[in-house]
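Asker: I have a structure I would like to understand better, so I am pasting it below and will then ask my questions one at a time.
Protein chains: 2
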Amino acid sequence: MVTLYDVARLAGVSTATVSRVVHGQDRVRDDTRTRVLRAIEELGYVPDGAAQSLSRGRKDVIGLVCKEREVDYALENAGLLYYDQVLRGVEEHVRSHNWSLLITFMQSDGMGEPDVARLDAFSGKVDGILIGEGFIGARHIKRLAARVPVVIIAGTPGDRTADVVAADNFSGSAAVVTHLIADHGTKRLFHVDGPLDAPDAIERRLGLHHVLRDNPQCQLIGSEHGIFSTRSGEQAGENLLARHGGALPDAVVCANDQMAIGVLRAFAAAGVRVPDEVAVVGFDDIYPASLFDPPLTSVLQPVRMLGERACARLLDRIAVPDLTPAVQL
Amino acid sequence: MVTLYDVARLAGVSTATVSRVVHGQDRVRDDTRTRVLRAIEELGYVPDGAAQSLSRGRKDVIGLVCKEREVDYALENAGLLYYDQVLRGVEEHVRSHNWSLLITFMQSDGMGEPDVARLDAFSGKVDGILIGEGFIGARHIKRLAARVPVVIIAGTPGDRTADVVAADNFSGSAAVVTHLIADHGTKRLFHVDGPLDAPDAIERRLGLHHVLRDNPQCQLIGSEHGIFSTRSGEQAGENLLARHGGALPDAVVCANDQMAIGVLRAFAAAGVRVPDEVAVVGFDDIYPASLFDPPLTSVLQPVRMLGERACARLLDRIAVPDLTPAVQL
DNA sequence: AGGGTTAGTGTAAGCGCTTAGATTTCCGAT
DNA sequence: ATCGGAAATCTAAGCGCTTACACTAACCCT
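Going down the list, the protein sequences come from chains A and B.
Going by this note's numbering, the first sequence opens with residue 4, and the numbers climb by one from there.
Going by this note's numbering, the second sequence opens with residue 4, and the numbers climb by one from there.
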């Protein structure tokens with residue numbers, strides 16, 4: 004391994020000078036710089052990241068903890084799209100700041116109990132952590148946040164211990180519907196709504212109606228309220244078929260994925276082909292990105308931006324550790 | 004920041020002992036161990052990755068260099084699926100060895116001229132690099148490989164300077180066709196083949212015919228040879244329409260993506276809707292994973308495995324640096 | 001009892017880099 | 001020439017960890 008010392012020796016200068024040249028800063032005489040650069044080139048020197056980190060006290064690396072894939076490949080698309088888009092947003096931002104991105108996937112055991120040892124080790128390798136919401140228990144997040152800045156990439160705002168960058172239900176929902184209308188030419192929409200008074204459902208509903216108002220060519224042919232469960236979605240699907248079986252909508256927009264799955268189930272049972280006869284779109288509890296077939300390209304952008312914003316927030320937090328934790332929409 | 008010294012002081016032992024406890028090895032008396040563990044717990048100590056790396060002379064991090072996304076979102080699916088699946092394969096493997104994964108995306112300027120400074124910096128942070136083929140010039144790969152083990156994730160074997168883990172054209176092609184038949188019920192297939200004597204084309208052709216032989220319910224209604232260019236694909240598509248316009252195949256299998264795009268173009272010009280009327284599948288020069296709509300779920304697994312194999316090879320190489328570079332299928 | 005083991009622990013030298021502060025060199029002004 | 005101050009460069013002390021080696025104490029032989 005070629006070290007700074009090797010370069011210094013070959014160039015006949017001290018390590019300090021080499022370091023200065025490497026970082027382009029400071030005043031170094033031109034001929035010295037040239038000599039050093041030549042030596043670097045000749046030896047193929049590249050600074051060791053670990054040593055730099057140790058010395059600088061900063062690693063210039065942020066960590067992204069993604070939710071481990073579902074076992075079921077067919078259902079995986081959602082997660083795939085979601086985290087992969089987040090990843091791209093994050094990576095882009097990270098890169099523009101000349102940092103690096105360390106990434107890991109974590110099992111969700113359903114109880115939010117992660118592999119603590121691995122999480123700890125991970126935290127030792129980064130300056131800050133970006134973590135998706137909902138699969139690591141609050142207790143662990145808190146523990147983590149005590150040691151290193153943490154920003155949660157979340158579905159919905161709420162009171163939290165750590166920084167949160169949340170998706171915006173309103174615009175998310177609006178994006179889905181806009182996509183259906185603009186890109187798929189949807190004319191007849193059916194809405195499988197959430198509970199009347201659930202905050203998330205309200206925002207998503209408003210997003211949908213907002214877009215519909217601006218697109219009179221698309222008609223809302225009906226809606227059903229569910230309670231965010233698969234069963235209630237199935238029920239809604241059955242009702243929909245009973246009432247509109249003769250003239251199916253072009254698309255069914257569901258307030259969450261669970262219900263969308265229910266609807267799919269009802270359709271499958273009735274022999275209705277998706278997406279040939281009717282499109283069914285859910286709203287990922289984190290962000291709308293699932294169950295699209297073909298995938299919802301126009302929603303990729305917002306998800307990516309979510310990653311970017313989260314990353315930006317994290318970098319801020321690393322730079323100024325005592326920022327008041329906040330929830331961003 | 005809590006350091007080893009803090010722990011040692013609180014537990015009343017030397018840093019060596021703490022280190023030993025942390026790594027679970029070595030002989031440490033039980034009560035000492037307990038005392039140390041208590042101190043670690045109390046202080047919330049987590050070893051600093053940079054310091055460990057520097058000291059151990061190994062970072063336990065491998066780097067994955069992905070091709071930067073296309074600007075065009077609609078065409079992005081291929082890359083999305085491809086690299087995201089590779090990523091998952093790699094991550095899984097990396098994790099099982101308790102290493103970490105650093106990832107970056109690189110612009111492809113078409114000439115294989117990367118941002119050398121960034122690539123260099125990246126290489127300083129990892130023990131080995133995994134890199135997709137075809138967007139970083141051989142010259143740069145060589146330079147990189149001189150400093151750190153590199154494994155190329157490739158589409159096709161060939162003579163190389165660095166280690167290569169290549170996709171297997173035969174099985175890749177077979178996977179595509181199997182998917183079409185098994186999952187999409189394809190009965191009538193059209194083949195846009197490559198040049199008769201191109202090695203890649205031969206393998207892919209054999210894969211296709213192999214599957215057809217085992218699935219007599221699917222018929223090959225025709226084929227055209229192209230030269231892997233978009234234009235030749237377009238031509239093939241036009242010929243196909245001229246001859247089979249009245250009874251379109253269920254699916255068109257192309258020997259590469261360029262030609263598939265050409266076919267899509269021809270179809271678009273003729274008003275043939277894809278994938279409603281006919282499915283068009285390409286064969287990514289790296290692996291078949293693109294242009295599927297809906298995505299080719301059954302091909303996810305092989306791509307993921309490609310990532311895993313590449314990663315395994317890289318770890319081997321890091322462990323035994325003087326392995327003879329090899330091409331693996 | 002003396003010598004040889006062995007288990008348990010401590011000491012301290014790095015790992016490759018950055019950087020504050022010390023030192024030398026350079027240069028124009030006197 | 002000499003001097004002062006700026007510019008260029010060097011010295012060396014860490015950064016937090018691992019680990020070879022040194023050491024101590026306890027134990028088992030003969």
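Even for Gly, the Cβ is constructed at its ideal location relative to N, Cα and C.
Just so we're clear, the structure is a prediction, and the values are computed from it rather than from any experiment.
Just to confirm my understanding: we take residue 8 of chain A, look at its own chain, exclude 5 residues before and 5 after, and list those with CB closer than 8 Å. What are they?
Answerer: As a working mapping, residue 8 of chain A is identified with position 5 in the first sequence. 18, listed in sequence order.
Asker: Return the residue from the list A:156, A:120, A:62 and A:176 that minimises the CA-CA distance to residue 167 of chain A.
Answerer: Sequence index remark: in the first sequence, residue 167 of chain A carries index 164 (1-based). Of the listed residues, the one whose Cα sits closest to residue 167 of chain A is A:156.
Asker: Taking DSSP as the reference, what is the three-state secondary structure of residue 6 of chain A?
Answerer: Counting from 1 along the first sequence, the entry for residue 6 of chain A is found at position 3. Reduced to three states, the DSSP call for residue 6 of chain A is coil.
Asker: Where does residue 70 of chain A sit, in a helix, a strand or coil, going by DSSP?
Answerer: For the purposes of this step, residue 70 of chain A is identified with residue 67 of the first sequence, where counting begins at 1. Strand.
Asker: Evaluate the contact criterion for the segment 220-238 of chain B versus the segment 194-201 of chain B: three or more CB pairs, one atom per stretch, below 8 Å.
Answerer: Judged by Cβ distances under 8 Å, the segment 220-238 of chain B makes contact with the segment 194-201 of chain B, as three or more pairs qualify.
Asker: For residue 148 of chain A, which of A:269, A:308 and A:133 has the nearest alpha-carbon?
Answerer: Mapped onto the first sequence, residue 148 of chain A falls at position 145. Selected option, being the one with the closest Cα: A:133.
Asker: To the nearest whole angstrom, what separates the beta carbons of residue 97 of chain A and residue 104 of chain A, a pair I think is in contact under 8 Å?
Answerer: Here residue 97 of chain A refers to the residue found at position 94 when the first sequence is read from its first residue. Here residue 104 of chain A refers to the residue found at position 101 when the first sequence is read from its first residue. Indeed they touch by this definition, with Cβ atoms about 5 Å apart.
Asker: Taking a Cβ distance cut-off of 9 Å, strictly less, list which residues of the segment 89-119 of chain A are near chain B, in chain order.
Answerer: Answer in chain order: 90, 91, 94, 95, 97, 98, 101, 103, 104, 105, 106, 107 and 108.
Asker: Which chain A residues sit within Cβ distance under 8 Å of residue 326 of chain B?
Answerer: Here residue 326 of chain B is taken as the residue at index 323 of the second sequence, counted from 1. Residues of chain A passing the Cβ test: none, with the nearest at roughly 18 Å.
Asker: Are the segment 113-127 of chain A and the segment 51-58 of chain A touching, with three or more C-beta to C-beta distances below 8 Å?
Answerer: Counting Cβ pairs under 8 Å, fewer than three are found: no touch.
Asker: Let me know if residue 324 of chain A comes out buried or exposed under the rule of 16 or more other beta-carbons within 10 Å of its beta-carbon.
Answerer: Numbered from 1 along the first sequence, position 321 holds the residue referred to as residue 324 of chain A. Exposed is the call here.
Asker: Does the pairing of the segment 55-66 of chain B with the segment 131-146 of chain A give three or more beta-carbon distances under 8 Å?
Answerer: No: fewer than three Cβ pairs fall under 8 Å.
Asker: I'd like to know whether the C-beta of residue 236 of chain B is nearer than 8 Å to at least one C-beta of chain A.
Answerer: Taking the first residue of the second sequence as position 1, residue 236 of chain B is located at position 233. False, the Cβ-Cβ gap to chain A never drops below 8 Å.
Asker: State the DSSP-derived secondary structure class of residue 257 of chain B, mapped to helix, strand or coil.
Answerer: Taking the second sequence and counting its residues from 1, the one referred to as residue 257 of chain B is at position 254. Note: residue 257 of chain B maps to strand in three-state DSSP.
Asker: Using 8 Å as the cut-off, can you tell me whether the segment 305-324 of chain A makes contact with the segment 36-46 of chain A, which would need three or more C-beta pairs spanning the two stretches below that distance?
Answerer: In short, these stretches do not touch, since the Cβ pair count stays below three.
Asker: Any idea if residue 101 of chain A is buried or exposed, counting beta-carbon neighbours within 10 angstroms, 16 or more meaning buried?
Answerer: Counting from one through the first sequence, the residue named residue 101 of chain A turns up at place 98. Exposed, because fewer than 16 other Cβ atoms sit within 10 Å of the Cβ of residue 101 of chain A.
Asker: Starting from residue 191 of chain A, follow its DSSP beta bridges and name the residues at the other end.
Answerer: As a first step, residue 191 of chain A is located in the first sequence; it is residue number 188 there, counting from the start. Its beta-bridge partners are A:222.
Asker: By Cβ distance below 7 Å, which residues in the same chain neighbour residue 223 of chain B in space, the five residues on each side in sequence not counted?
Answerer: As a working note, residue 223 of chain B is residue 220 in the second sequence. Contacts found: 192, 194 and 215.
Asker: Excluding five sequence neighbours on each side, which residues of the same chain lie with their C-beta closer than 7 Å to the C-beta of residue 295 of chain B?
Answerer: In the second sequence, the residue the question calls residue 295 of chain B occupies position 292. For residue 295 of chain B, the predicted model reports a pLDDT of 46, less than 50, meaning its position is unreliable; a value from the coordinates is still stated below. These residues qualify, in order along the chain: 284.
Asker: Give the C-beta separation of residue 228 of chain B and residue 183 of chain B to the nearest angstrom, bearing in mind that I take them to be a contact with Cβ-Cβ under 8 Å.
Answerer: On the second sequence, position 225 is the one that residue 228 of chain B refers to. On the second sequence, position 180 is the one that residue 183 of chain B refers to. Not confirmed; about 20 Å, so no contact.
Asker: Taking only three categories from DSSP, how would you classify residue 186 of chain A?
Answerer: Reading the first sequence from its first residue, position 183 is the one you call residue 186 of chain A. Reduced to three states, the DSSP call for residue 186 of chain A is helix.
Asker: Who are the near neighbours of residue 151 of chain B in its chain, counting only those whose CB is closer than 8 Å to its CB and skipping five residues on each side?
Answerer: As a working mapping, residue 151 of chain B is identified with position 148 in the second sequence. The residues are 126, 129, 130, 131 and 132.
Asker: Three-state secondary structure (DSSP) at residue 333 of chain B?
Answerer: The shown model of chain B, from 4 to 332, leaves out residue 333 of chain B, and the question about it has no answer.
Asker: Would you please verify whether the beta carbon of residue 130 of chain A is less than 8 Å from any beta carbon of chain B?
Answerer: By 1-based counting over the first sequence, the position of residue 130 of chain A is 127. No, its Cβ sits nowhere closer than 8 Å to a Cβ of chain B.
Asker: Which residues in the same chain as residue 140 of chain B place their Cβ atom closer than 8 Å to its Cβ, once the five residues preceding and following it in sequence are excluded?
Answerer: The residue labelled residue 140 of chain B in the question sits at position 137 within the second sequence. 114, 115, 116 and 117, listed in sequence order.
Asker: Run through chain B and tell me which residues come within less than 8 Å of residue 51 of chain A, C-beta to C-beta.
Answerer: Start at 1 with the first residue of the first sequence, and residue 51 of chain A comes out as number 48. Within chain B, the residues near residue 51 of chain A are 57 and 127.
Asker: For residue 321 of chain A, which residues of its own chain have a beta-carbon under 7 Å away from its beta-carbon, when the five flanking residues on both sides are left out?
Answerer: Taking the first residue of the first sequence as 1, we reach residue 321 of chain A at position 318. 130, 131 and 152, listed in sequence order.
Asker: By how many angstroms is the C-alpha of residue 277 of chain A removed from the C-alpha of residue 267 of chain A?
Answerer: In the first sequence, counting from the first residue as 1, residue 267 of chain A sits at position 264. In the first sequence, counting from the first residue as 1, residue 277 of chain A sits at position 274. Distance between the alpha carbons of residue 267 of chain A and residue 277 of chain A: 8 Å.
Asker: Distance cutoff 8 Å, beta carbons only. Does residue 62 of chain B sit that close to anything in chain A?
Answerer: As a position in the second sequence, residue 62 of chain B is number 59, starting the count at 1. Closer than 8 Å: yes.
Asker: Any idea what DSSP makes of residue 26 of chain A, helix, strand or coil?
Answerer: The sequence position of residue 26 of chain A within the first sequence is 23, counting from 1. Residue 26 of chain A: coil per DSSP, three-state reduction.
Asker: Report all residues from its chain with a CB closer than 6 Å to the CB of residue 176 of chain B; omit the five preceding and five following residues, and keep chain order.
Answerer: Your numbering for residue 176 of chain B matches position 173 in the second sequence. Answer for residue 176 of chain B: 207, 210 and 211, listed in chain order.
Asker: Would you mind giving the Cβ-Cβ distance between residue 310 of chain A and residue 270 of chain A, rounded to the nearest angstrom? I have them listed as a contact below 8 Å.
Answerer: Here residue 310 of chain A is taken as the residue at index 307 of the first sequence, counted from 1. Here residue 270 of chain A is taken as the residue at index 267 of the first sequence, counted from 1. Wrong, their Cβ atoms sit about 32 Å apart, outside the cutoff.
Asker: Looking only at its own chain, which residues have a Cβ that is under 8 Å from the Cβ of residue 109 of chain A, when we skip the five neighbours before and after it?
Answerer: As a first step, residue 109 of chain A must be located in the first sequence, where it is residue number 106. Hits under 8 Å: 68, 69, 70, 71, 117, 118, 121, 122, 138 and 139.
Asker: Our contact map puts residue 257 of chain A next to residue 286 of chain A with C-beta atoms below 8 Å; I'd like the distance itself, whole angstroms only.
Answerer: In the first sequence, counting from the first residue as 1, residue 257 of chain A sits at position 254. In the first sequence, counting from the first residue as 1, residue 286 of chain A sits at position 283. Confirmed, Cβ separation roughly 7 Å.
Asker: Measure from the C-beta of residue 263 of chain A to each C-beta in chain B and report whether the shortest distance is under 8 Å.
Answerer: Sequence index remark: in the first sequence, residue 263 of chain A carries index 260 (1-based). No, no contact with chain B.
Asker: In chain A, which residues lie less than 7 Å from residue 54 of chain B when you measure between Cβ atoms?
Answerer: The residue labelled residue 54 of chain B in the question sits at position 51 within the second sequence. Within 7 Å Cβ-Cβ: 57.
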